[in-house]
Structure formats: C-alpha cells, structure tokens
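Taken in order, the sequence shown gives residues 1 to 51; the numbers are from the numbering used here. Idealized CB from N, CA, C, for every residue including glycine. Remember, predicted model here, so these are calculated numbers, not experimental data.
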Amino acid sequence: MPASDDQVRRLSTTGLRVLVVPADEEGVLDRAARQLLSRASDGTCAAGGRR
Numbered sequence: 001m002p003a004s005d006d007q008v009r010r011l012s013t014t015g016l017r018v019l020v021v022p023a024d025e026e027g028v029l030d031r032a033a034r035q036l037l038s039r040a041s042d043g044t045c046a047a048g049g050r051r
C-alpha cells in the first residue's frame with residue numbers, strides 16, 4: 001500500500017529519508033528495502049554511515 005503524504009511527512013520529521021516511487025516501481029523498492037534491512041542486521045549499514 002502506498003504511503004500517504006501525511007505518512008511521508010511524519011517519517012521525514014524523524015530524520016529518515018523517504019523515497020517515493022510510482023506504484024509500478026514497488027518491486028524495485030521492496031528489493032532495495034530488503035537489502036538495506038539485511039545490511040542493517042549484519043552491522044554494515046547504519047544511520048549516518050558505516051559503524
């Protein structure tokens with residue numbers, strides 16, 4: 001489900017970078033999110049750069 005403008009604004013105020021893509025690009029975004037989550041879980045990706 002696409003994020004609403006309000007959800008994007010709330011996430012942006014937390015310091016998170018929000019990427020908004022057209023619905024037909026959701027598969028690409030899902031793969032990118034999975035990659036980021038896997039990197040975060042192994043400690044190679046953190047807010048602000050490498051730990």
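Taking the continuous alpha helix (DSSP H) assigned at residue i, which residues delimit it?
i          : result
residue 18 : It is not in any alpha helix (DSSP H) - residue 18 carries neither H nor E in the DSSP assignment.
residue 27 : 26–41
residue 12 : 5–13
Less than 8 angstroms between C-beta atoms, sequence neighbours within five positions excluded: which residues of the same chain meet that for residue i?
i          : result
residue 12 : 18
residue 10 : none
Alpha carbon to alpha carbon, what distance is there between residue j and residue i?
i          : j          : result
residue 25 : residue 14 : 24 angstroms
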